[in-house]
Amino acid sequence: MKENAHLFYVPTAQNAVVGQQIYLDEDESAHCAKVLRLRPGEIISVIDGCGHIYDAELTLCEKKCCGATITRIESDVYIRPYRNHVAIAPTKNIDRFEWFVEKAVEFGIDEITPLLCDHSERKILKIDRLQKIVISAVKQSGNVIMPVVNELTPYKDFVTNCKSSCKMIAHCEPQEKKFFTQNAAGAKDFCTLIGPEGDFSDNEIAIALDNGFRPTSLGNTRLRTETAGVAVCAFLAEVFATGEV
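Per the working numbering, the sequence shown starts with residue 17, numbered consecutively.
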């Protein structure tokens with residue numbers, strides 16, 4: 017990636033080759049032409065969300081359509097050595113949940129599934145808005161993999177169909193629990209359940225345990241829902257960076 021080049025997300029660039037013309041969507045084009053005021057001949061960097069970075073020369077720069085010719089490709093720039101899926105009940109205050117999404121992407125996450133739980137206070141989500149937050153956070157943080165944001169999913173449907181090899185549930189009920197990194201030891205495919213402000217119900221905890229989820233602790237203090245979600249991402253980023261898993 018060219019140093020100091022502006023970064024854009026173009027999913028249609030996947031499998032593109034040097035010399036190929038690619039086009040930014042309307043939102044990215046408006047940012048390129050109207051906000052940044054870039055002009056034909058300037059070099060931009062592009063990610064496809066699948067692990068590639070492209071250098072490209074702008075050939076067309078209008079607020080509804082920008083085009084560029086690929087001049088260089090970097091493959092598999094940084095692929096995380098683990099997969100992180102957080103299934104989390106959206107908070108009543110949507111700003112807090114959007115904060116979680118942004119920070120989770122910055123630390124590194126592959127998939128987010130909003131959960132509809134027994135104690136959920138928020139039962140409607142604008143997934144399109146969350147996806148825009150994800151795209152912005154990916155570009156800001158320099159991650160090359162675009163996380164998936166799923167639709168709001170009933171808790172039991174998700175828990176009974178989760179296939180991750182290391183499944184954990186972080187709840188506040190008194191129960192013997194291992195610390196998160198102890199449960200994570202030796203694994204590379206993680207899914208962690210984070211409950212709503214009122215925590216998971218007893219029935220939900222029982223369903224999770226029956227389906228192979230391990231009770232896990234995120235520390236000695238009671239965390240807000242969004243803080244717990246970010247903590248999971250931070251723990252995994254740290255332990256894999258230091259080689260402690």
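In this text, a Cβ means the ideal position worked out from N, Cα and C, and glycines have one as well.
As the structure is a prediction and not an experimental result, all values here were calculated from the model.
Next on the checklist: Using C-beta distances below 7 Å, list every residue in its chain close to P27, excluding the 5 sequence neighbours before and after it, in chain order.
Outcome noted: D64, G65
Next on the checklist: Suppose only complete runs of 3+ residues qualify. What are the beta strand (DSSP E) ranges in the stretch 38 to 63, listed by chain order?
Outcome noted: 59 to 63
Checklist entry - Between the stretch 153 to 171 and the stretch 225 to 245, do at least 3 Cβ pairs fall closer than 8 Å? => result no
Item to check | Inter-residue Cα distance where the pair is T241 and V175 | outcome: 18 Å
Checklist entry - Measuring CB to CB, does F216 end up less than 8 Å from H101? => result no
Checklist entry - Around the Cβ of E220, are there at least 16 other Cβ atoms within 10 angstroms (buried) or fewer (exposed)? => result buried
Item to check | Rounded straight-line distance, which links the Cα of F195 to that of H22 | outcome: 40 Å
Checklist entry - Looking at the unbroken alpha helix (DSSP H) that takes in F116, where does it start and where does it end? => result 110 to 123
Next on the checklist: Starting from S91, trace the beta strand (DSSP E) in both directions and tell me its first and last residue.
Outcome noted: 81 to 91
Checklist entry - Rounded to the nearest angstrom, how far is the Cβ of H187 from that of G211, given a contact under 8 Å? => result 6 Å
Checklist entry - What is the DSSP secondary structure of Y98, reduced to helix, strand or coil? => result coil
Item to check | Distance between beta carbons of F113 and A250, contact taken as under 8 Å | outcome: 17 Å between Cβ atoms; not a contact.
Checklist entry - With distances taken from CA atoms, which of E192, V160, L252, V154 is nearest A201? => result L252
Next on the checklist: Tell me the rounded alpha-carbon separation between H68 and L146.
Outcome noted: 23 Å
Checklist entry - Residue range of the alpha helix (DSSP H) that C188 falls in? => result C188 -> no alpha helix (DSSP H), and no H or E assigned at all.
Checklist entry - Which residues does DSSP pair with F24 in a beta bridge? => result V62
Checklist entry - Using DSSP with H/G/I as helix, E/B as strand and the rest coil, what is V150? => result helix
Item to check | Other residues of its chain near L141: CB distance less than 7 Å, five sequence neighbours each side excluded | outcome: P106, P130, L168
Next on the checklist: Let's test the definition: count the other Cβ atoms within 10 Å of the Cβ of D71 and tell me whether it reaches 16, buried, or not, exposed.
Outcome noted: buried
Checklist entry - Taking one C-beta from the stretch 52 to 59 and one from the stretch 148 to 158 each time, how about it: are there three or more such pairs within less than 8 Å? => result no
Checklist entry - beta strand (DSSP E) containing I128: first to last residue? => result 127 to 132
Checklist entry - Which term fits N199, buried or exposed, when burial requires 16 or more other beta carbons within 10 angstroms of its beta carbon? => result buried
Item to check | Start and end residues, alpha helix (DSSP H) containing A72 | outcome: Unbroken run through A72 is the beta strand (DSSP E), 68 to 78; no alpha helix (DSSP H).
Checklist entry - Short check: CB of Y171 to CB of L234, under 8 Å? => result no
Item to check | Own chain partners of R96 with C-beta closer than 8 Å, once the 5 adjacent residues on each side are dropped | outcome: G124, D126, I161, F256
Checklist entry - How would you call G35, buried or exposed, if buried means at least 16 neighbouring beta carbons within 10 angstroms? => result exposed
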